[in-house]
Amino acid sequence: MVSARLTIDPQFAVGPVNPRLFGSFVEHLGRCVYDGIYEPAHPKADASGFRTDVMELVKELGVSAIRYPGGNFVSGFRWEDSVGPRDQRPRRLDLAWHSTETNEVGLHEFSSWLEKVGSELMLAVNLGTRGTEEALDLLEYTNIRSGTELSERRVANGRAEPFRIKMWCLGNEMDGPWQLGHRSADDYGKIASRTAKAMRQLDPSVELVVCGSSSAQMPTFGEWERVVLTHSYDDVDYISCHAYYEEKNGDLGSFLASASNMDHFIESVVATADHVKAVKGSSKTINISFDEWNVWYIQRFEQIEKIEGIDNWPTAPRLLEDAYSVADAVVFGNLLMSLLKHADRVTSASLAQLVNVIAPIMTEPGGPAWKQTTFFPFALTSKLAKGNALEVKLEAETYATEVYGVVPLIDAVATHDADTGSTSVFLVNRSQTEEATVTIDVTALRGVIVLDAQTLSDDDVYAKNTLDQPDRVGLSRNKSVAVRDGIVELTLPPVSWTSVNLG
Ligand code: AHR
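If you count the sequence shown from 1, you need to add 211 to reach this note's numbering.
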C-alpha cells in the first residue's frame with residue numbers, strides 16, 4: 212500500500228485559474244471538421260449541417276476557447292478560400308496532411324458553430340507560405356466594423372457585426388522542418404515581431420501568441436524561445452508550448468510520469484521568458500499559451516497512417532484516430548493537473564484536438580458519437596477547477612522511471628473558489644500495482660464536507676471506449692472518501708485519476 216499526505220490551504224495560492232485553460236483545438240485535419248462536427252446528411256444534423264449530438268458533448272466537455280484552423284494546416288491556408296458563396300469556394304491541396312480541403316466549412320460557419328457551443332474563437336494566421344499583409348487582411352476582415360474593402364466583404368458575406376477575435380496565433384510550429392515555410396528562430400522572430408506590430412496598429416486589443424518550440428525534444432528547444440522572444444518580447448503576450456506523450460516500448464512507468472516532464476517543460480519556458488525579460492529590463496511578463504497538449508501515438512501515425520502519392524489526396528480521411536485507454540486518460544488528467552499547477556503563468560491552453568483527431572469525442576458517419584476515456588477528466592476538471600489553483604505541499608513515496616528519473620507515485624493539485632467556498636482536489640496514483648491511501652489536511656477550510664469524489668480506473672488499464680463498446684469505461688463514485696476532524700482520507704486504485712469536491 213502506497214501512502215501520501217497533502218495540505219490544502221487557500222493561502223497557498225499559485226494563481227487564478229483562467230477559464231482559457233480549458234480550451235481545445237479544431238484543425239482541418241482528417242475527420243475533425245468533416246464527418247466530425249459537420250455532417251449535413253447525419254440524422255442529428257441541424258439546418259447548418261452541424262451534428263447536434265456532437266455539440267451536446269462539446270458543451271458537456273466545457274471547452275472555453277477553440278484554436279482554429281490549424282495546426283500544420285494553417286501554414287498553407289489561404290483564408291480567402293474559406294469565405295464567400297460556398298459553391299464558389301475552391302478545392303485545395305492540403306500539403307500538411309496530404310488531403311483535399313473542400314472549404315465547405317470556413318470562418319463564418321465555424322464561428323456560428325462556436326456560438327452554438329458557447330466557445331471563444333482563437334484564430335491562427337499563416338506565417339508559413341504567407342506573411343504580414345495576409346494577416347492584416349484577415350484581421351481587417353474579422354475585426355473592422357465596416358467601410359473598407361475587406362470589412363464590407365465580410366458584411367456582404369452575411370456577417371454585419373465584426374467577429375472581434377481577441378486571441379491570435381502568429382503561425383504554427385515554425386521551428387519544425389515539417390512545417391511549410393519553416394524558418395530559423397532569427398527569421399521567425401523578425402517576421403513574428405513585424406506582424407504583431409502591424410496587427411496591433413490595426414487593432415490594439417488583440418492578444419498575440421508567438422510560436423515556441425513544437426516540443427521540448429526539438430534540438431533548438433530553449434534557444435528558439437530565447438531568440439524568438441528577443442525579437443518579439445514587446446510585441447506579443449504569450450509564447451506557445453506544445454507537448455504530446457505516448458507509451459513507448461511497453462514502458463508504462465515512464466508514460467505515467469509524463470506530467471512531471473510537462474512540469475519541467477513549463478518551468479524551462481518560464482525561465483527562458485523571464486531571462487529575456489531581465490536582459491531587456493522589461494516590466495512586462497510573457498505568459499504561456501499551451502496550445503497543443505495531449506496523449507498522441509505519433510509513432511502509429513508516422514509508420515502506418517501517413518498518406519502519400521501524387522494522385523492520392525483524399526477528403527477527410529481517417530487520420531490520427533487514436534483510441535484512448537484508461538492509462539492514457541490517467542496521464543491526460545495528470546497533464547491537466549500540470550497546467551493547473553502553473554496557473555500563474557499558463558493562462559491559456561488548448562487540448563489537441565476536439566473530435567475524431569486525437570480527440571475526447573469520436574463519431575461514426577451516420578452513426579453515434581461517443582466519449583473517449585479522456586473525456587472524463589477534462590469535463591470534470593473544467594467544471595470543478597475554479598478560483599485559485601493551490602499548491603498542496605505533497606509528501607509522497609517515489610519510484611524510478613527509465614525516461615524521467617525519480618518521480619512521486621502520487622501527484623495532486625487543488626483549486627479553491629473563495630466566492631462559492633468550493634474546493635476541488637485532483638489526484639493520480641501512478642502505481643501499477645498498489646492502492647494508495649491519501650490523507651488531506653483541510654483544517655484551514657474549516658468544517659468542509661465531501662460533496663463528491665469520482666475516480667477513473669479499471670482492472671484492465673488498457674480498456675477503451677469504442678464504437679462497439681462506447682460505454683466500456685467511465686467514472687465511478689469513490690466510496691472510500693471520508694472526512695473527520697479536518698482530515699479527508701481516501702483510497703486511490705492503481706493507475707487512477709480522481710477528483711474530490713469539497714464544500
Ligand atoms: O495536432 C496535430 C498536429 O500536431 C498539429 O497540426 C501540429 O501543430 C502538431 O505537430
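Note that the Cβ used here is the ideal one computed from N, Cα and C, for glycine as well.
Since the model is a prediction, treat every value here as computed from it, not as a measurement.
Tell me Val557's beta-bridge partners as DSSP assigns them.
Ile499
Grouping DSSP H, G and I as helix and E and B as strand, with all else coil, what is Asn640?
strand
Just verifying my parser: in three-state terms, what is the DSSP assignment at Ser214?
strand
What residue range does the beta strand (DSSP E) around Arg278 cover?
276-279
Are the region 254-269 and the region 294-303 in contact at 8 Å, needing three or more beta carbon pairs?
no
In chain order, which beta strand (DSSP E) runs of at least 3 residues are fully inside the region 326-378?
331-336
Residue from Pro373, Asp348, Asp533, Ala580 with nearest C-alpha to Val336
Asp348
Cutting at 6 Å between CB atoms, please list the residues of its own chain near Leu686, excluding the five before and the five after it.
Phe587, Gln665, Leu667
What residues in its chain sit with their C-beta under 7 Å from that of Tyr508, if we drop five residues either side in the sequence?
Glu457, Asp533
On the DSSP bridge list, what partners appear for Cys380?
Ala335, Val420
Strand pairing of Ala224, partner residues [DSSP]:
Leu601
Output the boundary residues of the beta strand (DSSP E) element that contains Arg312.
In the sequence as displayed, the identity of residue 312 is Glu instead of Arg. Taken as a continuous stretch (DSSP letters only), the beta strand (DSSP E) holding Glu312 covers 310-312.
Using the C-alpha atoms, what's the distance from Cys422 back to Val487?
15 Å
Buried or exposed: Tyr673, going by 16 or more other Cβ atoms within 10 Å of its Cβ?
exposed
Taking the beta carbon of Pro296 as the centre, do at least 16 other beta carbons fall within 10 Å, making it buried, or is it exposed?
exposed
Residues in its own chain within less than 8 Å of Lys408 by CB, not counting five upstream and five downstream?
Asp446
Hey, does Thr626 have any beta-carbon neighbour from chain D nearer than 8 Å?
Reference to chain D is not applicable here, since this structure consists of a single protein chain.
To the nearest angstrom, report how far apart Trp308 and Glu372 are at their CA atoms.
33 Å
Based on the DSSP secondary-structure assignment, which residues constitute the bridge partners of Met759?
Residue 759 lies beyond the residue range present for the chain, which begins at 212 and ends at 714; the question has no answer from this structure.
Taking a contact to mean a Cβ-Cβ separation below 8 Å, would you say Arg216 touches Glu606 in this structure?
yes
Are the region 522-531 and the region 475-491 touching, with three or more C-beta to C-beta distances below 8 Å?
no
Between which two residues does the beta strand (DSSP E) holding Asn712 run?
707-713
Which residue wins for smallest C-alpha separation from Phe476, given the options Thr313, Asp246, Trp504?
Trp504
Answer yes or no: the CB of His253 versus the heavy atoms of ligand 1, is any distance below 7 Å?
no
Suppose the cutoff is 7 Å on Cβ atoms and the five residues either side in sequence are ignored; what does the same chain contact list for Met473 look like?
Ala454, Leu546, Ser549
Can you look up Gly544 in the DSSP assignment and give me helix, strand or coil?
helix
Enumerate in chain order the residues of its own chain whose CB-to-CB distance from Ser235 is below 6 Å, with the five nearest sequence positions on each side excluded.
Val274, Ile277, Ser561, Leu562, Leu565
Which residues bound the alpha helix (DSSP H) around Arg405?
396-413
Please report the distance separating the alpha-carbon of Phe374 from that of Asn354.
6 Å
Which stretch, first to last residue, makes up the beta strand (DSSP E) that contains Glu608?
Careful: Glu608 lies outside any beta strand (DSSP E) and carries neither H nor E.
Would Pro571 be called buried (16 or more neighbouring beta carbons within 10 Å of its own) or exposed?
buried
Starting from the C-beta of Ser500, find all residues in its chain whose C-beta is less than 6 Å away, skip the five residues before and the five after it, and write them out in chain order.
Val420, Tyr449, Ser451, Ser559
Beta-carbon within less than 7 Å of Tyr615's beta-carbon, same chain only, minus the 5 sequence neighbours each way: which residues are those?
Ser465, Ala468, Ser471, Asn472
Using the beta-carbon count (16 or more within 10 Å), is Arg262 buried or exposed?
buried
With the cut-off set at 8 Å, would you say Leu338 and Thr406 are in Cβ contact?
yes
Do three or more CB pairs link the region 277-294 to the region 308-320 at distances below 8 Å?
yes
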